[in-house]
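The structure under discussion appears below in the form of structure tokens.
Pasting the structure below:
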């Protein structure tokens, strides 16, 4: 590695930034000099033969690896990520400029505004496009529609030495308080806290508060965005939640917006900072038909229905968002104190609450639509991980929380399954005598059920379809009122209680 090579890669990065529209031609020399400053290079003599027409992520990897050899950065993944984010920050406008441009475009068309911000977030390497491309995606047909299956391979691997070094170097710090706090905007990062120099937020006033819009660095679906509160406060589902979700989709009608539940087991991975997730994608739940309609007393303008979905979903549709807020609040209030012991539904154990809702708002033409997914996080001896949580016989595929994304029909499966499921395919082909212990019974069942498998394509097809069936079972386990006649009777009793409550 020579400095001439690094200079060539720097020049290639500047050219790519120009190609992506991050900088104008007049900014090229300035940008180059800022990059050289960060790399400790005070002369510029690029080896023209080393200039590369490569992607921004590839160039950043080459430059940060070279920076380690130059002594500019350490060898740890997080140290290199800090440098990469800082280098890309050279090409990104200040937050005030990003917001000014966003809202100028918003005045013409909300979609044009989000297109601009999404392009900026991808081009700046804030959205980790190269890592995300490693994820495994496929579709799985079910009686409820087409489910999405993703095996998450995007998070970087760390070897034991790096993990140990990280433990030694990790600082006790409380700024920012968490990875969702708005103070992450432009934060350089540290060991144990991600680099965010290239991070920008859009200011979005909602119901008298300041909220912020960003995209997920590891998007699971198109334009996967996060809407976060300015204040660092716990997740909480209430009338204000419904107001904010509907207000947002009113202003950005091409996006849906939903919230994870606000209690453990049925909530997301971050309960300590109030936030929502949305995007521009139609999940299977959004396209699911009504199973049966019902009348919601006092709301003649609302079309209410039970959705044909493995989990228990009440769908409310109306032109007036205020009416939906009121009706959703009534349903939440009743559900939070609702008990049905015969169906294992208890609202509290002592003072600990168990019932909550996962809400999802979207636009359908001129109408507003609110899906209210009923949740309960009780545990018992038979199901210590959760009664309405994936049961033990499907833990070999999914045992993590069933959050908003899974509720809508997208399975986010752990990295271990990429290897494990390949082994199951090889077992079906007769090339392996056994698979991992947790998958062995399932693999034997598939072999007995499917008979001889002729080739790798058929084996992969079988395993993908059967994994989809396991995810469907996961959703069925999470449903509080099962899709049986008994479950339907239980749900009708709840709806009766809702109508009796004014």
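Residue numbers (the numbering used here): 534 to 1035.
In this text, a Cβ means the ideal position worked out from N, Cα and C, and glycines have one as well.
7 Å Cβ shell around residue i - same chain, five flanking residues per side excluded
i            : result
residue 755  : 812, 813, 814
residue 551  : 558, 561
residue 493  : Nothing can be reported for residue 493, as the shown portion of the chain is limited to 534 through 1035.
residue 1027 : 871
residue 929  : 971, 972, 975
residue 597  : 606, 613, 616, 617
Contact check, residue i vs residue j, beta carbons under 8 Å
i           : j            : result
residue 740 : residue 780  : yes
residue 725 : residue 936  : no
residue 834 : residue 1032 : no
residue 868 : residue 890  : yes
residue 589 : residue 668  : no
residue 572 : residue 600  : yes
residue 678 : residue 1001 : no
residue 643 : residue 777  : no
residue 762 : residue 732  : no
residue 986 : residue 954  : no
residue 537 : residue 578  : yes
residue 702 : residue 718  : no
residue 832 : residue 1030 : no
residue 934 : residue 798  : yes
residue 530 : residue 873  : Outside the displayed span of the chain (534 to 1035) sits residue 530, for which this structure offers no information.
residue 962 : residue 981  : no
residue 545 : residue 585  : yes
residue 539 : residue 574  : yes
Member of the options whose CA lies at the smallest distance from the CA of residue i
i            : options             : result
residue 728  : 808, 770, 708, 618  : 618
residue 651  : 854, 553, 987       : 553
residue 887  : 875, 776, 607, 908  : 908
residue 752  : 707, 684, 711       : 684
residue 847  : 928, 855, 853, 861  : 861
residue 841  : 852, 926, 904       : 904
residue 1015 : 843, 837, 581, 926  : 843
residue 676  : 820, 1025, 898, 720 : 820
residue 1011 : 911, 612, 587, 646  : 911
residue 750  : 823, 768, 656       : 656
residue 896  : 647, 773, 854       : 854
residue 786  : 949, 645, 767       : 645
residue 582  : 542, 714, 810       : 542
residue 1013 : 845, 881, 587, 826  : 845
residue 979  : 960, 969, 626       : 960
Beta-carbon separation (whole angstroms), residue i vs residue j, contact threshold 8 Å
i           : j            : result
residue 817 : residue 1005 : About 10 Å; that fails the 8 Å criterion.
residue 795 : residue 770  : 5 Å
residue 958 : residue 989  : 7 Å
residue 947 : residue 1007 : Contact doesn't hold; Cβ gap of about 13 Å is too wide.
residue 765 : residue 849  : At roughly 31 Å, the Cβ-Cβ gap does not stay under 8 Å, so residue 765 and residue 849 are not in contact.
residue 492 : residue 631  : The requested residue 492 does not occur in the structure, where the chain is confined to residues 534 to 1035.
residue 614 : residue 721  : Going by Cβ atoms, the distance from residue 614 to residue 721 rounds to 10 Å, so no, they are not a contact pair.
residue 775 : residue 858  : 5 Å
residue 944 : residue 682  : 5 Å
residue 805 : residue 767  : 6 Å
Residues of its chain near residue i, where Cβ-Cβ distance is below 6 Å and the 5 sequence neighbours each way are ignored
i           : result
residue 672 : 679
residue 927 : 1003, 1006, 1007
residue 737 : 744, 746
residue 877 : 920
residue 969 : 953
Residues of its chain near residue i, where Cβ-Cβ distance is below 8 Å and the 5 sequence neighbours each way are ignored
i            : result
residue 1034 : 863, 866, 867
Next item on the list: Could you name each continuous alpha helix (DSSP H) segment of 4 residues or more that falls completely within the stretch 535-597, going from the start of the chain to the end?
Entry: 536-552, 561-571
Item checked: Unbroken stretches of the alpha helix (DSSP H), 4 residues or longer, contained in the stretch 728-796 -> 772-784
Note to self: Restricting to runs no shorter than 4 residues, where is the alpha helix (DSSP H) found entirely within the stretch 660-684?
What the structure shows: 662-665
Notebook entry, point to check: What alpha helix (DSSP H) runs, 4 residues minimum, are completely inside the stretch 848-909?
Noted result: 854-869
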